[in-house]
Ligand code: BV8
């Protein structure tokens with residue numbers, strides 16, 4: 003059996019990571035769609051770098067929760083292919099899967115990038131973000147390069163879409179966990195999985211705009227509903 007799981011901000015909510023739409027969708031008075039765009043970065047690099055620096059600085063204060071760990075335990079025993087696609091840019095899934103070693107056939111993809119990585123705007127080279135990079139924001143390997151967060155902004159193509167699409171086309175089960183289904187192309191994955199004949203389950207705090215696209219539904223806080231569901 004091949005499994006694809008999509009997660010969103012809701013799976014990290016109980017770790018203390020704010021979601022995007024629970025608040026009024028503003029960050030320091032800016033709509034995320036304004037700050038998280040190439041235009042926003044071009045218009046005000048310092049503001050956008052600060053937006054990500056603050057979220058990056060927050061990561062050591064949070065830890066994976068029971069929902070992240072339940073997925074890691076599943077990855078340790080799942081016998082088929084298991085692709086975990088997260089829209090989240092935090093490293094909570096990574097830490098959960100470092101603590102519990104997944105079987106072969108498991109892959110984690112951050113389709114919207116990662117807070118802990120930087121990218122050279124000239125060469126596209128991706129590197130781990132480190133504090134000595136931060137003050138300069140200039141690329142250490144390319145004099146004319148400015149470092150940007152390795153984040154997929156609105157209007158930019160998400161990462162590894164070919165790999166994700168290939169997995170959706172042959173999956174038997176598709177779980178969507180903790181995402182409002184507002185952002186594309188992630189919000190369209192359920193239709194691709196259903197077209198492939200997969201069992202589809204929406205697991206979220208409450209019904210979402212895409213609820214009718216799923217065959218099954220499980221509502222409640224992820225740390226309460228996911229572990230028994232995956233057991
Ligand atoms: C692209 C990185 C094209 C940034 C992010 C009009 C119609 C349709 C589409 C569009 C449109 N206009 C523009 C578009 C495209 C656009 C889009 O979809 N816009 C939306 C706003 C309409 N999409 C894009 O731009 C994408 N790119 O289309 O490229 C292209 C084609 C060819 C060539 C080049 C380009 C790129 C989108 C990626 C943007 N980057 N993240 C950052 O993080 O700073 S998106 C960002 O927001 C997140 O990554 C995530 O994807 C999204 C937030 O969604 P969620 O994760 O779902 O979070 P949310 O808060 O919304 O929901 C949380 C859920 O959890 C809730 O349902 C809540 O009930 C639940 N919950 C809360 N607590 C719990 C819980 N569940 C369980 N337990 C709990 N305890």
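Residue numbers (the numbering used here): 3 to 233.
We treat Cβ as the ideally placed atom computed from N, Cα and C, and that holds for glycine.
As assigned by DSSP and simplified to three states, the class of residue i
i	result
residue 225	helix
residue 193	helix
residue 11	coil
residue 75	helix
residue 233	coil
residue 114	coil
residue 252	Here the chain comprises residues numbered 3 to 233, so residue 252 is not present and cannot be evaluated.
residue 105	coil
For residue j and residue i, believed in contact at Cβ under 8 Å, the rounded distance
i	j	result
residue 2	residue 80	Outside the modelled stretch of the chain, which goes from 3 to 233, sits residue 2, for which no answer is possible.
residue 13	residue 188	At roughly 13 Å, the Cβ-Cβ gap does not stay under 8 Å, so residue 13 and residue 188 are not in contact.
residue 133	residue 107	That belief does not hold up - the Cβ atoms of residue 133 and residue 107 are roughly 36 Å apart, past 8 Å.
residue 8	residue 87	5 Å
residue 112	residue 161	7 Å
residue 6	residue 170	6 Å
residue 232	residue 110	Between residue 110 and residue 232 the Cβ distance is about 16 Å, and since that is not below 8 Å, they are no contact.
residue 1	residue 192	The chain is shown from 3 up to 233; residue 1 falls before or after that span and cannot be answered.
Cβ contact (3+ pairs, closer than 8 Å) linking the stretch 112-132 and the stretch 85-99: yes
Completely contained alpha helix (DSSP H) runs for the stretch 18-68, where each covers 4 or more residues: 34-37, 40-45, 47-60
Contact between the stretch 142-155 and the stretch 125-134 (3+ Cβ pairs under 8 Å): yes
Entirely enclosed alpha helix (DSSP H) segments - the stretch 143-223, minimum 4 residues: 163-170, 191-197
- request: Check whether the stretch 33-48 touches the stretch 207-223, taking contact to mean three or more Cβ pairs, one atom from each stretch, closer than 8 Å.
  value: no
message: Is it the case that the stretch 171-186 contacts the stretch 52-60, given that we only count it when at least three CB pairs across the two stretches are under 8 Å?
response: no
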